[in-house]
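Everything in the sequence shown is counted per numbering that gives the first Met the number 0, starting at 0 for the first residue and increasing by one. Beta carbons are placed, not taken as given, at the ideal position from N, Cα and C, and that holds for glycine. Working notes, structure below.
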Amino acid sequence: MDIVLYLKNLQGRGVQKVYLNLAKGLQELGHHVHFVIRQNRIELDYRFLEHFYLFEENVTAHLDILLAQLDDPVLIANDVKTTLELKNIAPERIYHTVHMLWGERIFKQLRLLKWFELKRLYRDKQLIGVSEAVKEDLLHKVKIEPKSIEVIADGFDIEAIQALAQEPIDVQGDYILNIGALSREKNQKLLLESYAKLDTPLALVILGEGKLKASLEKLAHQLGIAERVHFLGFKPNPYPYIKHAKLVVSTSTNEALPGVAIESLILHTPVVSTDSLGIRSVLTGKFDAFIVKQASALPAAIEKALKAYPTIGSDDYEQFGYREVALAYLNVVRRVS
Numbered sequence: 000m001d002i003v004l005y006l007k008n009l010q011g012r013g014v015q016k017v018y019l020n021l022a023k024g025l026q027e028l029g030h031h032v033h034f035v036i037r038q039n040r041i042e043l044d045y046r047f048l049e050h051f052y053l054f055e056e057n058v059t060a061h062l063d064i065l066l067a068q069l070d071d072p073v074l075i076a077n078d079v080k081t082t083l084e085l086k087n088i089a090p091e092r093i094y095h096t097v098h099m100l101w102g103e104r105i106f107k108q109l110r111l112l113k114w115f116e117l118k119r120l121y122r123d124k125q126l127i128g129v130s131e132a133v134k135e136d137l138l139h140k141v142k143i144e145p146k147s148i149e150v151i152a153d154g155f156d157i158e159a160i161q162a163l164a165q166e167p168i169d170v171q172g173d174y175i176l177n178i179g180a181l182s183r184e185k186n187q188k189l190l191l192e193s194y195a196k197l198d199t200p201l202a203l204v205i206l207g208e209g210k211l212k213a214s215l216e217k218l219a220h221q222l223g224i225a226e227r228v229h230f231l232g233f234k235p236n237p238y239p240y241i242k243h244a245k246l247v248v249s250t251s252t253n254e255a256l257p258g259v260a261i262e263s264l265i266l267h268t269p270v271v272s273t274d275s276l277g278i279r280s281v282l283t284g285k286f287d288a289f290i291v292k293q294a295s296a297l298p299a300a301i302e303k304a305l306k307a308y309p310t311i312g313s314d315d316y317e318q319f320g321y322r323e324v325a326l327a328y329l330n331v332v333r334r335v336s
């Protein structure tokens, strides 16, 4: 099957990595993947792709020409606007992926024009959300009216993550870990306040950069924990830090599908998280007791996890493997093939 994957660029570790993992899975399953971007911003390795295209100008026209050359293709896109005027593919062969909780962002920031635009763009479209939280958000907060909406998680390269985790790190001793941009959304303020209430010899390591770094460092001093809190900045390979952590703690206010939590399970590291909505698709079953509904309960949840945490096995994360995710996409797109 000819499958076209289309997104803006290959800059960053989020949606871009997800699409590359999807392409890898589809290719390994014997399909012809045509990977298209429209901005020459490339930070990730794409050399494994069989077909790669950069269309910087007249994107819709070039995409249409490509589609006309393929045998009854399917298009999976992360950019709705570019696909609106395509002529060489039927609407029922186009799927749009959604990787964020739009309702949470729109209404907190009072972006009403964006709300109306989303309702217009997603109306009668075939959508794929990365979690049940995304589906609920789109249907009940943004109140869109899609033709259909499926839930398929992001795919992860489990073997690569476990291999990269073998590299050495520059941290001595045992520690609790937090990873993410230093921002209001990641809510490290709550993390520091909760850590200050713990009776633990473990250090706190925070990986990430952001505009709140200075204020968070100041807060650590005010709380009397500055000597035990280590802001190590952004790490291109965070996996060894996850592997060696005694616990990963996430304090995000909202996430569509928290990748750090999934990567932690892949590396058999316990996770405690605030209820960021998307976390409910990750910490399920025996782990759901470690989703914290109220901020005041976070210190107790951390202490509980440090004392005893359920055994993490491959069956707790294998559904996030890129091959399994590629198969899930194929199950959806084959309905129109």
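Enumerate in chain order the residues of its own chain whose CB-to-CB distance from residue i is below 7 Å, with the five nearest sequence positions on each side excluded.
{"i": "Ile88", "result": "Leu66, Pro72, Leu74"}
{"i": "Glu302", "result": "Leu197"}
{"i": "Ala304", "result": "Leu246, Pro269, Val271, Phe289"}
Pick out whichever of the options has its Cα sitting closest to the Cα of residue i.
{"i": "Ala60", "options": "Tyr45, Asn39, Leu85, Gln68", "result": "Leu85"}
{"i": "Leu231", "options": "Ile224, Gly223, Tyr240", "result": "Tyr240"}
{"i": "Leu276", "options": "Thr252, Thr268, Leu62, Val228", "result": "Thr252"}
{"i": "Leu19", "options": "Asn77, Lys188, Tyr121", "result": "Asn77"}
{"i": "Val228", "options": "Asp314, Tyr238, Leu190", "result": "Leu190"}
{"i": "Tyr238", "options": "Phe115, Gly128, Ala162, Gln10", "result": "Ala162"}
{"i": "Asp123", "options": "Met99, Ala213, Ile143", "result": "Ile143"}
{"i": "Val35", "options": "Gln15, Phe106, Asn330, Asp274", "result": "Gln15"}
{"i": "Ser313", "options": "Lys303, Ala327, Ala304, Thr268", "result": "Thr268"}
{"i": "Arg46", "options": "Val58, Lys188, His33", "result": "His33"}
{"i": "Val97", "options": "Gln26, Leu48, Leu6, Ser182", "result": "Leu6"}
{"i": "Arg37", "options": "Ile105, Asn57, Leu28", "result": "Asn57"}
{"i": "Ser263", "options": "Lys234, Ile160, Ser182", "result": "Ile160"}
{"i": "Val141", "options": "Ile224, Leu266, Ile2, Trp101", "result": "Trp101"}
{"i": "Ile265", "options": "Ser295, Ala152, Glu317", "result": "Glu317"}
{"i": "Val79", "options": "Ile93, Gln68, Gln10", "result": "Ile93"}
Leaving out five residues before and five after residue i in sequence, what residues of the same chain have Cβ atoms less than 8 Å from its Cβ?
{"i": "Asn39", "result": "Asn8, Leu53, Glu55"}
{"i": "Leu28", "result": "Arg322, Ala325, Leu326, Leu329"}
Under the three-state reduction of DSSP, which class applies to residue i: helix, strand or coil?
{"i": "Gly320", "result": "strand"}
{"i": "Tyr18", "result": "helix"}
{"i": "Ile105", "result": "helix"}
{"i": "Gln125", "result": "strand"}
{"i": "Val150", "result": "strand"}
{"i": "Ile88", "result": "coil"}
{"i": "Phe115", "result": "helix"}
{"i": "Val58", "result": "helix"}
{"i": "Val228", "result": "strand"}
{"i": "Asp63", "result": "helix"}
{"i": "Tyr52", "result": "strand"}
{"i": "Ser272", "result": "strand"}
{"i": "His220", "result": "helix"}
{"i": "Asp1", "result": "strand"}
{"i": "Val281", "result": "coil"}
{"i": "Leu305", "result": "helix"}
{"i": "Ile36", "result": "strand"}
Could you please give me the residues that DSSP links to residue i through a beta bridge?
{"i": "Thr82", "result": "None; Thr82 has no bridge partner."}
{"i": "Thr96", "result": "Ile127"}
{"i": "Ile143", "result": "Paired residues: none, contrary to the question."}
{"i": "Phe286", "result": "Partner(s): none; Phe286 has no beta bridge."}
{"i": "Ala325", "result": "The partner list for Ala325 (beta bridge, DSSP) is empty, contrary to what the question assumes."}
{"i": "Val73", "result": "Ile2"}
Please go through the same chain and pick out, in chain order, the residues whose beta-carbon is closer than 6 Å to the beta-carbon of residue i, but skip the five residues on each side of it.
{"i": "Lys118", "result": "Ile143"}
{"i": "Leu218", "result": "Leu191"}
{"i": "Gly179", "result": "Lys185, Gly207"}
{"i": "Phe51", "result": "Phe34, Tyr45"}
{"i": "Ser193", "result": "Leu297, Pro298"}
{"i": "Ala195", "result": "Leu222, Ile224"}
{"i": "Lys234", "result": "Leu206"}
Q: List in chain order: all unbroken beta strand (DSSP E) runs of 3+ residues lying wholly within the region 232-260.
A: 246-249
Q | Minimum length 3: unbroken beta strand (DSSP E) runs contained in the region 163-210 | A | 174-178, 202-206
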